[in-house]
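>
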Amino acid sequence: MRSSLTRNVFRAIVANEPYCITTCSRKLPRWRGRALTAPTVPSPQCRSLFGLSPQLPVSTVTDSKSTPRHAERAADVLVGLVQAQRDQTRLPPMKEIARAFNTILQYRCQAGIRLSRSDIYLLTEGFSYLQEHKFNEETDMGLQVLLSEADLQQGLSALASSLGKDKFRSDAKALAFMLFSELRQRTEAPGNAGQAPTLSDPAATETYITVLSSTGGAREAWDILRNSSEGDVQENWLEVIKGLCNEGLGQDIWKAFDEMRAHTGDLSVDAHKLLTIYFAKNASLHATKRVYEQTILGNASPSVEAQVEMVRFCIRNKDLSWAEPILANLRAISHDPRVWDVILVSSAVQGADANEVAALISSLAEAAAENDITGPTMSNINCLVEYAFSVGNVEAVRDYQTIAKHQGLQPDSKTFLLQLDYEVRIGDLDRAASTYDILSSEDPIEDGSDVPILDRFLQALCFSPIPNYELITRIVDSLLERDVYLDAETISGLCKLYLQREEPEEALGLLGHRVDSYPRNDRARILQTFKEFIIDERITDQRAFNAYELIREVFPETPVNERLAIMHSFFKRKRPDLACLVFGHMRQREDPAARPTPEAYGQCFEGIAKCQDVDGLQMVYNMLKLDLLVEPTTRVRNGLMAAYIACGQPYTAVIDHFWKIMTSLEGPTMSSFALALRACETWIPQGATEARRIMAMIQAWDLEVTKEIYDCYIGAIAGQCEFENTIELIEEMENDIGVLPDAFTIATFYNAIPWQYRKDEVETWAKQAYPELWDEVLKYEEEIDEEFEIRYFKIDRTIDTTDPPLYKDGEYDPQIAQESLMLLETPAS
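Quick note on full-length UniProt numbering: the sequence shown kicks off at 1 and runs consecutively.
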């Protein structure tokens, strides 16, 4: 895969421009002195027997390091594990997997970075593998524990710091359960086997309660808290209450409050602040007000942070009147910078114009000067800008920016980011592009708050009618340089764009950017984009197949049903060679779940029949013969019969497959008889005799002769030029099966009988015997065989081969068919 740096360098060369890194464009290079290092002694070259090394070199991850580079290498180790398990290739050493597991957790914990969705997926895969192998391996130094209890507790701590309503919370819960279960198993007393284990370390229990509460298991955490000594710690109850709120369990919240008071007393000021802020961001208006009104220990007043959050919450919910007493308290301490944001925004909500807001800012600046603190900054103005954008008041945004200018403040990255977010939300992509140009020239946003907005911007650009490719490329390059996590929908949009522009190498480079670390459902979403591109008939055959080759390389786990849809798209394009290649790639898979089933073989043979591809038929049939996992069922042989009929080999269809169906333990379906009769239509000169034998068998078995079967029988007799016998069958049709002949029956007679002069005789007879039906026949589209100058009517004679067997399992006896063949007499026509 070409790196982002490589792509940027080449683009700069082509454009005859200097290359610069976007994230560092405003920074001066910093001089670093050369470190004094001892001279290194080159290690002696060693060669083993026949050039084979006794141990393959392995990319190691140092335990003590927790830098971004080592975290990236650790992630690559776990990605390699996922790929090796999927492809059934050599797995990384267990020690490397354990080190990678610890390195990722150490880096995330020390850097204060939350675990991403891909991190949790990779950690789960790595831990599952280690757990299956008991965590230990024998080395020359003796038995070594790969993951200690401290490592497991570190994993729980990292998960506990990744809170919120994230899409991956079920994955985090599963990983937490695995870690905690292992910890309990290691710490339970030997004599307590089979009993509910307990964990002696309170810190691990508290961490597990936090993870459970934040990942959809609040009630489980509640039960653990009730039955442990940690129920006396108020912080643990707060985590449970937050989890119940997150899951929408309103009644349980107040029950948990009552139990918490019984164990720990009233809320502390800090606990009240924590719950108020959490409920304000995640709960309903009524629940948040109720939490805020909870009694605080010692009848203390709520903290300033809690009051500020409640005012913000009421502004968002358009209920500022309820918060008026709180707002009065905050105005009384207007010299405190913590309250400036809500004072300013509340004034705007209450209808203050630009002059009034400017006067308020000036008064806050004067109060700050009196207290010898910094006055309002652009961050405070941005709160006004954010509110104005939230209500769609662009004019107010301009006024606030003017006020900022008069105060000596300039718009910063946050200002332009808010503007970009607004323009993306309203769909004004042209203005958003201009705003992004300004934003990219500002100082980079260190906290990553711009990534979700840029992600949505990319999605909007990719799915717009006329994508701005140059802008998309710049945004993608800047994000990849920062090694950020792109949403699966964004990856899908980018891949769709690259495929439409005939740049599969760009799609491959993007997918190579750790796409293996995406969870399976996200990979399925990205795969769907490729599938939709391939089955689009407007796409040329070669471009569609190139996209399929990308699927083979990047998504080897593609299930059978998705591959069958791709196979059918190539059959529909009349490219059976490519369709059979798709099927052959399925056949090469080693995983039984990814290999073709009998149903898949049947569908493939039906596609070959529609394309009349003799070479494809022979190739896939040879695959079937060598496939030890698939038995030639009735479904498979029905597909083979259809293919052999279409490829002009009716004898093989009847003798090699129909009679093998009849002598199988599964038995025939009605489509088996219909296909056999269709084969008799072109089997000269034995077709008529065989068709009568088959019809006699159907009647002897008391099977219902449907109109489809009767039409096939008419075609079989007509195909042998038995003109009078076919006319007699049509005239006796109502007496035989209770159904009158229709235009399809007449057209079948016309198409089946060979030679044009015999067809002319059919036309003459039909005009006299069934004039109305013949008029309907003429409404069918005609097709002329230029070589033999023979006319046909385009009628759909497709036989559905997916009908169920006539007999249940174990009911059919192959001897029945053999006895019928011996006893039946060929009936007179």
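All C-beta atoms, glycine included, are put in the ideal place defined by N, C-alpha and C.
1) From the DSSP output, which residues share a beta bridge with E782?
2) For I438, tell me which candidate among Y422, G427, L458 and P411 has the shortest Cα-Cα distance.
3) Suppose you measure from the CA of D266 to the CA of Q234; what does that come to, to the nearest Å?
4) Across which residues does DSSP place I296 in a beta bridge pair?
5) Express the C-alpha separation of C109 and A262 in angstroms, rounding to a whole number.
6) Taking the straight line between their C-alpha atoms, what separation do you get for N725 and I694?
7) Should A174 and T205 be called a contact, given that it needs their Cβ atoms to be closer than 8 angstroms?
8) Please determine, among F744, V345 and G351, the residue with the shortest C-alpha to C-alpha distance to K794.
9) Below 8 angstroms on the Cβ atoms is my guess for residue 838 versus V308; work out the distance and round it to an integer in Å.
10) When burial is assigned at 16 or more other CB atoms within 10 Å of the CB, is V397 buried or exposed?
11) Are V560 and A600 closer than 8 angstroms when you measure CB to CB?
12) Excluding five sequence neighbours on each side, which residues of the same chain lie with their C-beta closer than 8 angstroms to the C-beta of Y387?
13) Judging by CA-CA distance, which residue of R587, V240, P668 and W322 is the nearest neighbour of I816?
14) Which same chain residues end up closer than 6 angstroms to M586 when comparing Cβ atoms and leaving out the 5 residues on each side of it in sequence?
15) Please return the same chain residues whose Cβ sits closer than 6 angstroms to the Cβ of A354, not counting the five positions on each side in sequence.
16) Starting from Q106, follow the alpha helix (DSSP H) in both directions and report where the run begins and ends.
17) If you draw a straight line from the C-alpha of Q154 to the C-alpha of L91, how long is it?
18) Just checking my contact of A352 with I381 at CB under 8 angstroms: how many whole Å lie between their CB atoms?
19) Taking only three categories from DSSP, how would you classify I466?
20) Give the DSSP-derived three-state secondary structure of I333 in the structure shown.
21) Inspect the CB distances between the stretch 654 to 663 and the stretch 608 to 616 and report whether three or more fall short of 8 angstroms.
22) Within 10 Å of its beta-carbon, does W755 have 16 or more other beta-carbons around it, so buried, or fewer, so exposed?
23) Using the beta-carbon count (16 or more within 10 Å), is E731 buried or exposed?
24) Quick one: using the 10 Å Cβ neighbour count with 16 as the cut-off for buried, is A35 buried or exposed?
25) Between Y107 and A71, what straight-line distance do the alpha-carbon atoms span, to the nearest angstrom?
26) Can you tell me whether K318 is helix, strand or coil according to DSSP?
27) From K414, E502, P592 and I491, pick the residue whose C-alpha is nearest to that of R523; which is it?
28) Would you report the Cα separation of C245 and P519, rounded to the nearest angstrom?
29) In whole angstroms, what separates the C-alpha of G810 from that of L626?
30) Can the beta-carbon of A300 be found closer than 8 angstroms to that of I277?
31) On the criterion of 16 or more Cβ atoms from any shown chain inside 10 Å, does W683 qualify as buried, or is it exposed?
32) With S379 as the anchor, note down where its alpha helix (DSSP H) starts and where it stops.
33) Below 8 angstroms on the Cβ atoms is my guess for G715 versus T748; work out the distance and round it to an integer in Å.
34) Output the boundary residues of the alpha helix (DSSP H) element that contains R635.
35) Go ahead and pull the three-state DSSP assignment for Q818.
36) Could you give the residue range of the alpha helix (DSSP H) that holds P68?
So, from the listed chains and residues:
1) Stepping through the sequence shown from its first residue, residue 782 is reached at position 782. Answer is F793, bridged to E782.
2) Locating residue 438 in the sequence shown gives position 438, where the first residue counts as 1. Among Y422, G427, L458 and P411, the Cα nearest to that of I438 belongs to P411.
3) Your numbering for residue 266 matches position 266 in the sequence shown. Your numbering for residue 234 matches position 234 in the sequence shown. One C-alpha to the other measures close to 9 angstroms.
4) Counted from its first residue, the sequence shown places residue 296 at position 296. Answer by DSSP bridge pairing, in chain order: L267.
5) Position 262 of the sequence shown, counting from 1, holds the residue named residue 262. Position 109 of the sequence shown, counting from 1, holds the residue named residue 109. Cα to Cα, A262 sits roughly 34 angstroms from C109.
6) Start at 1 with the first residue of the sequence shown, and residue 725 comes out as number 725. Start at 1 with the first residue of the sequence shown, and residue 694 comes out as number 694. Using only the alpha carbons, I get a separation of about 17 angstroms.
7) For the purposes of this step, residue 174 is taken as the residue at position 174 of the sequence shown. For the purposes of this step, residue 205 is taken as the residue at position 205 of the sequence shown. The answer is no: Cβ separation not under 8 angstroms.
8) For the purposes of this step, residue 794 is taken as the residue at position 794 of the sequence shown. Ranking the options by Cα distance to K794, first place goes to F744.
9) No information on residue 838 is available, as it lies outside the stretch 1 to 829 that the chain covers here.
10) Locating residue 397 in the sequence shown gives position 397, where the first residue counts as 1. Its Cβ being crowded by 16 or more others within 10 Å, V397 is buried.
11) If you number the sequence shown from 1, residue 560 lands on position 560. If you number the sequence shown from 1, residue 600 lands on position 600. Contact: yes.
12) For the purposes of this step, residue 387 is taken as residue 387 along the sequence shown, with counting starting at 1. For Y387, where only same-chain residues beyond five positions count, the Cβ hits under 8 angstroms are I315, V345, A348 and V349.
13) The sequence position of residue 816 within the sequence shown is 816, counting from 1. Shortest Cα-Cα distance from I816 to any of R587, V240, P668 and W322 involves P668.
14) The residue you call residue 586 lines up with position 586 of the sequence shown. The beta carbon of M586 lies closer than 6 angstroms to those of R563 and P596 in the same chain, with the five residues before and after it left out.
15) Taking the sequence shown and counting its residues from 1, one reaches residue 354 at position 354. For A354, where only same-chain residues beyond five positions count, the Cβ hits under 6 angstroms are D399.
16) On the sequence shown, residue 106 is found 106 positions in, with the first residue counted as 1. Q106 -> alpha helix (DSSP H) spans M94 to A111.
17) Against the sequence shown, residue 154 aligns to sequence position 154. Against the sequence shown, residue 91 aligns to sequence position 91. CA-to-CA, the gap between Q154 and L91 works out to about 25 angstroms.
18) Reading the sequence shown from its first residue, position 352 is the one you call residue 352. Reading the sequence shown from its first residue, position 381 is the one you call residue 381. Under the criterion of beta carbons closer than 8 angstroms, A352 and I381 do not qualify as touching, at roughly 14 angstroms.
19) Numbered from its first residue, the sequence shown carries residue 466 at position 466. I466 carries a coil assignment under DSSP once its states are collapsed to helix, strand and coil.
20) Translated into positions along the sequence shown, residue 333 becomes position 333. In the structure shown, I333 sits in coil (DSSP, three-state: anything other than H, G, I, E or B).
21) The stretch 654 to 663 is not in contact with the stretch 608 to 616.
22) Position 755 of the sequence shown, counting from 1, holds the residue named residue 755. Taking every protein chain shown into account, the CB of W755 has fewer than 16 other CB atoms within 10 angstroms, so this residue is exposed.
23) The residue you call residue 731 lines up with position 731 of the sequence shown. E731 is exposed by the Cβ-count criterion.
24) In the sequence shown, residue 35 corresponds to position 35, counting from 1. Note on A35: pLDDT 36, under 50, position unreliable in the model; the coordinate value appears next. Exposed, by the Cβ-count rule.
25) Along the sequence shown, one-based indexing puts residue 107 at 107. Along the sequence shown, one-based indexing puts residue 71 at 71. Straight-line Cα distance between these residues: approximately 6 angstroms.
26) In the sequence shown, the residue the question calls residue 318 occupies position 318. K318 falls in the coil class under three-state DSSP.
27) Within the sequence shown, residue 523 is the residue found at index 523, counting from 1. Among K414, E502, P592 and I491, the Cα nearest to that of R523 belongs to I491.
28) For the purposes of this step, residue 245 is identified with residue 245 of the sequence shown, where counting begins at 1. For the purposes of this step, residue 519 is identified with residue 519 of the sequence shown, where counting begins at 1. Taking the straight line from one Cα to the other gives about 27 angstroms.
29) The residue given as residue 810 occupies position 810 in the sequence shown. The residue given as residue 626 occupies position 626 in the sequence shown. Rounded to whole angstroms, the gap between the alpha carbons of G810 and L626 is 27 angstroms.
30) The residue you call residue 300 lines up with position 300 of the sequence shown. The residue you call residue 277 lines up with position 277 of the sequence shown. Not closer than 8 angstroms, so no.
31) For the purposes of this step, residue 683 is taken as the residue at position 683 of the sequence shown. W683 is buried by the Cβ-count criterion.
32) Along the sequence shown, read from residue 1 onward, the residue named residue 379 stands at position 379. Looking at the DSSP string, the run of the alpha helix (DSSP H) that includes S379 is M378 to S390.
33) To locate residue 715, count along the sequence shown from 1; it is residue 715. To locate residue 748, count along the sequence shown from 1; it is residue 748. The C-beta distance from G715 to T748 rounds to 5 angstroms, short enough to fall under 8 angstroms.
34) Taking the first residue of the sequence shown as position 1, residue 635 is located at position 635. T634 to A646 is the span of the alpha helix (DSSP H), which, as asked, contains R635.
35) As a working note, residue 818 is residue 818 in the sequence shown. Looking at Q818 - three-state DSSP - the assignment turns out to be helix.
36) By one-based count along the sequence shown, residue 68 stands at place 68. Unbroken alpha helix (DSSP H) run through P68: P68 to D87.
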